[in-house]
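For reference, the structure discussed in these notes is given below.
In the numbering used here, the protein residues as written are 237 to 444.
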């Protein structure tokens, strides 16, 4: 990659974004927060603005800007791990051992559900951090912040998809995938619990 000249005067504390090209060309160039890059976009600096002036440009991105990456897809697919919990936890065994207060903590299914829960939570936070870095590198100004993932991965998927969709004109597919998977897992949960209740009622002796 060809090194581009450093803007003058220095602007090292300026946030990443699209700004008038410091070379004087009638276009916008991406500033990554530390140096100029080779990414350019059609645009014309306002009259009287110096070529190196970092006046904020519109938040939209060029038509060929990527909207997806592996990080956001993995976050959207993480709810699928909830199915593993459904397959491993034994509700009947937990009820049968209800007289032992520690039985639940020795149940492999319960332990698996706890471990998977932390994996999903922590994994979503880490993946959201790298997803936001990728969006910044691709030219998105102030994308949805990864810290929202501390509430849940779904919050990040929703916010990220809305902002990317507004600026790129598309890019909401991870949102719909996440919604579909979440609804599917909820339905499976309801079905399994209903079957457990029906089995419990069917095996409970009626009092005379």
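The beta carbon of each residue, even a glycine, is placed where N, CA and C say it ideally should be.
Burial state of residue i (16 or more Cβ within 10 Å)
{"i": "residue 260", "result": "exposed"}
{"i": "residue 303", "result": "buried"}
{"i": "residue 393", "result": "buried"}
{"i": "residue 313", "result": "exposed"}
{"i": "residue 200", "result": "Outside the shown range of the chain (237 to 444) lies residue 200, about which nothing can therefore be said."}
{"i": "residue 262", "result": "exposed"}
{"i": "residue 414", "result": "buried"}
{"i": "residue 288", "result": "Because residue 288 carries a pLDDT of 48, less than 50, the predicted location of this residue cannot be relied on, and the following value inherits that uncertainty. Burial call: buried."}
For residue j and residue i, the rounded distance between their alpha carbons
{"i": "residue 315", "j": "residue 417", "result": "6 Å"}
{"i": "residue 298", "j": "residue 277", "result": "7 Å"}
{"i": "residue 405", "j": "residue 399", "result": "10 Å"}
{"i": "residue 430", "j": "residue 422", "result": "12 Å"}
{"i": "residue 381", "j": "residue 434", "result": "45 Å"}
{"i": "residue 264", "j": "residue 272", "result": "11 Å"}
{"i": "residue 408", "j": "residue 395", "result": "10 Å"}
{"i": "residue 383", "j": "residue 390", "result": "12 Å"}
{"i": "residue 425", "j": "residue 387", "result": "22 Å"}
{"i": "residue 403", "j": "residue 360", "result": "23 Å"}
{"i": "residue 446", "j": "residue 311", "result": "The requested residue 446 does not occur in the structure, where the chain is confined to residues 237 to 444."}
{"i": "residue 350", "j": "residue 373", "result": "35 Å"}
{"i": "residue 437", "j": "residue 358", "result": "38 Å"}
{"i": "residue 401", "j": "residue 370", "result": "16 Å"}
Run of the beta strand (DSSP E) containing residue i, from where it starts to where it stops
{"i": "residue 304", "result": "Segment: none, residue 304 is in no beta strand (DSSP E) and carries neither H nor E."}
{"i": "residue 256", "result": "253–256"}
{"i": "residue 264", "result": "263–267"}
{"i": "residue 278", "result": "272–278"}
Same chain, Cβ closer than 6 Å to residue i, neighbours up to 5 away in sequence not counted
{"i": "residue 308", "result": "367, 410"}
{"i": "residue 257", "result": "263, 265"}
Neighbourhood of residue i by C-beta, 8 Å cutoff - its chain only, sequence neighbours within 5 removed
{"i": "residue 375", "result": "254, 266, 275, 277, 297, 298, 301"}
{"i": "residue 317", "result": "352, 355, 356"}
Range covered by the alpha helix (DSSP H) that runs through residue i
{"i": "residue 392", "result": "389–404"}
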